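Per full-length UniProt numbering, the sequence shown starts with residue 1, numbered consecutively.
The beta-carbon is built from N, C-alpha and C at its ideal position, and this holds for glycine as well.
Since the model is a prediction, treat every value here as computed from it, not as a measurement.
To start, the structure under review is shown below, and the notes come after it.
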Amino acid sequence: VLYQKRDGRSGASQMAELTLRLERARGAGVGQDLLAEAEKQLRHLKREDGQRAVAEHRLRLALSARDHDELQRSVRQVRSLGRAGLLEASTLPPSPAASARRHSSERHDAQRPEEPHSARLLEAASTTLRQLGE
Numbered sequence: 001v002l003y004q005k006r007d008g009r010s011g012a013s014q015m016a017e018l019t020l021r022l023e024r025a026r027g028a029g030v031g032q033d034l035l036a037e038a039e040k041q042l043r044h045l046k047r048e049d050g051q052r053a054v055a056e057h058r059l060r061l062a063l064s065a066r067d068h069d070e071l072q073r074s075v076r077q078v079r080s081l082g083r084a085g086l087l088e089a090s091t092l093p094p095s096p097a098a099s100a101r102r103h104s105s106e107r108h109d110a111q112r113p114e115e116p117h118s119a120r121l122l123e124a125a126s127t128t129l130r131q132l133g134e
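Set out below in structure tokens:
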């Protein structure tokens, strides 16, 4: 039911959409076992999103303090959470609004490419680690 954050939307907006889809599924009479699995995945997504936010915060603090050891630990933690991905590919088609946002953002990608926040933090940490190592 859940999907990776490849479309550039925040975890909060994805969780809101997934919660809405879950409510629609309840109203449509989807089986309880499928609903229970979807709720379990949504809880996992929320927990993982919280862990990622904490790891990014620790990385920002380590960057501010220019603490070499803490930078290395925080970089490893953010990378491991990023590698885990959010969850599996969606079995549900994207909503029309999400599809429109994706197509709209694809038109602007050539004009204004944006990296995910974690990627920018990791790049800054890598640069700082190189500077501290010199």
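DSSP on V30, reduced to helix/strand/coil?
The residue given as residue 30 occupies position 30 in the sequence shown. Three-state DSSP puts V30 in coil, outside helix and strand.
Can you round the beta-carbon distance between R66 and T127 to whole angstroms, since I take them to be within the 8 Å contact cut?
Position 66 of the sequence shown, counted from the start, is the residue given in the question as residue 66. Position 127 of the sequence shown, counted from the start, is the residue given in the question as residue 127. Not quite, the Cβ-Cβ distance comes to about 11 Å (not below 8 Å), so this is no contact.
Along the chain, where does the alpha helix (DSSP H) that runs through E123 open and close?
Within the sequence shown, numbered from 1, the residue matching residue 123 stands at position 123. Per DSSP, E123 belongs to the alpha helix (DSSP H) from H117 to G133.
Own chain partners of P113 with C-beta closer than 8 Å, once the 5 adjacent residues on each side are dropped:
As a working note, residue 113 is residue 113 in the sequence shown. Residue placement at P113 cannot be trusted, given a pLDDT of 38 that sits under 50; the coordinates are not used to answer.
Taking only three categories from DSSP, how would you classify R66?
To locate residue 66, count along the sequence shown from 1; it is residue 66. Coil at R66, not helix or strand.
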